[in-house]
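Take 249 as the starting number for the sequence shown in the working numbering and just add one per residue.
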Amino acid sequence: MSNLKISDRFVKSFLTETLIQKELENAEKARQTLLQKKGVGNEFLGWVDLPGQTSADELQKIRLAAETIQSHSQYLVVVGIGGSYLGARAVIEALTPEFSAQEVQKKAVKIIYAGHHLDADYHARLLAFLENKEFSVNVISKSGTTTEPAIAFRLLLSLLERKYGRENLKNRVYATTDKEKGALKQLADEYGFPSFVIPDDVGGRYSVFTPVGLLPIAAAGFSINKLIDGAKQMEGELKTKSASEGNLATYYASMRNGLYAQGKKTEILVSYSPALVFVSEWWKQLFGESEGKNGKGIFPASVQFTTDLHSMGQYIQDGERHLMETVIKVESPKQDVYLTEKTDDRDGLNYLAGKKLSEVNQSAMLGTLIAHKDGGVPCLEIVLPGLSEETIGELLYLFQFACGISGYMLGVNPFDQPGVEDYKNNMFALLGKKGYEKRKNEILSHI
Ligand code: PA5
């Protein structure tokens with residue numbers, strides 16, 4: 249039984265029973281298409297079976313690499329972009345305490361990210377920072393040719409070679425890439441870097457349960473076995489339960505597609521904890537890159553409450569009515585804080601004395617759900633008992649499965665991303681890359 253629940257108490261009034269039934273039937277058809285691997289993009293469905301097929305030996309190999317990194321490094325620089333870093337970051341940031349002086353476990357390394365943008369200041373400061381630190385690098389790129397991580401890796405490799413010597417890099421650089429193709433694989437073989445494989449049939453944004461996500465997560469000190477156990481739990485449930493038996497993925501996909509048909513074109517993922525900000529970033533990529541095609545697709549946005557109630561709250565309550573919300577509700581925090589009474593009560597907070605901060609946060613959440621529903625924003629709730637490797641594993645797998653179903657319901661291929669190439673081609677043309685000369689003239693004539 250999964251630990252997650254979905255509540256539609258703030259959605260039902262926006263949809264008729266007939267529409268919900270129709271969407272559920274479509275979602276069940278899409279689930280069958282996904283499971284039978286008969287839909288478009290079916291060459292990229294390796295992720296569907298992945299948690300259940302991950303062996304103890306594979307996990308052990310990743311844990312051993314993580315332990316080697318931990319044995320000599322203070323920092324692990326994770327070099328990747330999009331699906332090649334967001335999954336790891338989502339899990340690591342959801343589970344890492346903000347103010348812990350020590351890392352989660354004594355042995356864990358601090359994770360730093362690079363290659364996920366081209367900002368010069370950031371990379372210059374990173375290189376200066378690492379100059380006198382003990383560090384390792386996990387470079388992650390399925391194609392091995394993505395410009396942002398390739399640039400960051402080139403810079404970091406020069407620093408590593410200067411600092412440690414080329415012959416001493418075998419335990420400091422880990423490449424996660426295609427099993428045989430691509431520049432990164434060739435480079436890893438040439439230098440003798442240990443490499444981990446991204447399976448051919450798993451695309452970037454569906455790769456968190458491969459070494460793409462697992463090596464950084466293990467190095468950060470978290471249990472990849474528990475993460476996979478959570479995902480496996482959800483995989484079993486979503487594969488076996490039909491829509492009429494309460495399948496969470498078909499339900500989520502039905503609700504969001506039913507609301508989309510009613511003009512709710514933007515879905516906001518809402519969390520009430522800053523720990524979940526990168527779960528939202530990962531979710532945005534997953535749904536945005538999977539569904540935004542052929543002039544269609546729900547626009548995925550995110551906010552973190554109550555922080556953003558003081559910035560975006562006005563629009564959500566009262567602006568254009570094209571919004572729906574999916575709220576991630578975490579029932580119990582790992583730790584709590586009690587509010588106490590003060591004799592002067594100048595801040596007027598004595599009415600809260602004796603309450604836990606989590607109760608205040610839950611009341612803010614309920615109050616907001618009611619207000620937004622009353623303001624015309626349907627709000628679906630995904631309820632987690634707490635944040636742990638298992639529950640995050642369940643949540644991420646649920647979103648992946650629901651995204652596959654939802655893309656099929658929409659009539660798009662949820663596993664490709666042809667539109668991403670356009671900016672790259674223009675950038676290559678502007679930078680003078682060989683073969684792009686004609687395009688340069690064309691695009692410059694538009695401005
Ligand atoms: O989901 C995807 O496929 C993309 O976001 C890729 O992960 C991203 O573009 C990085 O690609 P690569 O791993 O080939 O460097």
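All C-beta atoms in this analysis are idealised placements derived from N, C-alpha and C, irrespective of residue type, glycine included.
- Apart from sequence neighbours up to five positions away, the residues of its chain that approach G461 with a beta-carbon distance below 7 Å are G335, A336, V339, S455, ordered along the chain.
- Taking non-hydrogen atoms of ligand 1 into account, the C-beta of Q665 is found less than 8 Å away from one of them.
- According to DSSP, residue pairing for M572 in a beta bridge involves E515.
- For E579, same chain residues with a beta-carbon under 6 Å away, outside a window of 5 residues either side, are P633 in chain order.
- Taking every protein chain shown into account, the CB of T425 has 16 or more other CB atoms within 10 angstroms, so this residue is buried.
- DSSP places V296 inside the alpha helix (DSSP H), whose first and last residues are 294 to 301.
- In the displayed model, D448 falls within coil according to three-state DSSP, outside both helix and strand.
- Taken from the Cβ of S654, every heavy atom of ligand 1 lies 8 Å or farther away.
- Restricting attention to E379, D566, L312, the CA atom closest to the CA of Y422 is found in L312.
- For V327, the enclosing beta strand (DSSP E) starts and ends at 323 to 327.
- The beta-bridge partner set that DSSP reports for L632 consists of V578.
- Pairing T554 with T616 gives a Cβ-Cβ distance under 9 Å.
- With a cutoff of 9 Å on beta-carbon distance, L267 and A509 are scored as near each other.
- Around the beta carbon of T394, a 10 Å sphere encloses 16 or more other beta carbons of the protein chains shown; the residue is thus reported as buried.
- Relative to the non-hydrogen atoms of ligand 1, the Cβ of T458 never comes closer than 8 Å to any of them.
- Cβ contact annotation for G667 (same chain, cutoff 6 Å, sequence separation greater than five): none.
- Taking the C-beta atoms as reference points, L298 is found nearer than 9 Å to P447.
- Separation of A431 and G440 (C-alpha to C-alpha, rounded to the nearest whole angstrom) is 14 Å.
- Looking at the DSSP output, K541 bridges to K544.
- Here G330 is actually not in contact with Q648; their C-beta atoms are around 15 Å apart, not less than 8 Å.
- Per DSSP, V385 lies in no alpha helix (DSSP H) segment; the continuous beta strand (DSSP E) that holds it begins and ends at 383 to 389.
- Taking 9 Å as the cut-off, the Cβ atoms of A362 and L404 count as close.
- Under the 8 Å Cβ criterion, the region 475 to 493 counts as touching the region 634 to 648, having at least three qualifying pairs.
- Pairing K577 with L628, the inter-Cα distance amounts to about 10 Å.
- Residue state for F258 is assigned as strand, using DSSP reduced to three classes.
- Just measuring C-alpha positions, the residue of I399, E346, V357, I388 sitting nearest A372 is I399.
- Annotation: L600 to E483 spans about 42 Å, alpha carbon to alpha carbon.
- Beyond the five residues adjoining it in sequence on each side, G506 comes within less than 7 Å, by CB distance, of L263, L267, I268, E271 in the same chain, given in chain order.
- Between the region 552 to 567 and the region 581 to 588, the count of Cβ pairs shorter than 8 Å is below three; the stretches do not touch.
- Ranked by Cα distance from G655, the first of K277, M249, L324 is K277.
- Straight through space, the alpha carbons of L435 and G683 are spaced by roughly 24 Å.
- DSSP places S443 within a strand segment (E or B) once states are collapsed to three.
- Cβ-Cβ separation between M657 and N274: approximately 5 Å, consistent with a contact (criterion under 8 Å).
- In its chain, beyond the 5 residues on either side, L307 have a beta carbon closer than 7 Å to the beta carbon of N473.
- Annotation for K358: the continuous beta strand (DSSP E) segment containing it runs 358 to 362.
- In its chain, beyond the 5 residues on either side, A336, V339, I340, I472, L475 have a beta carbon closer than 7 Å to the beta carbon of I465.
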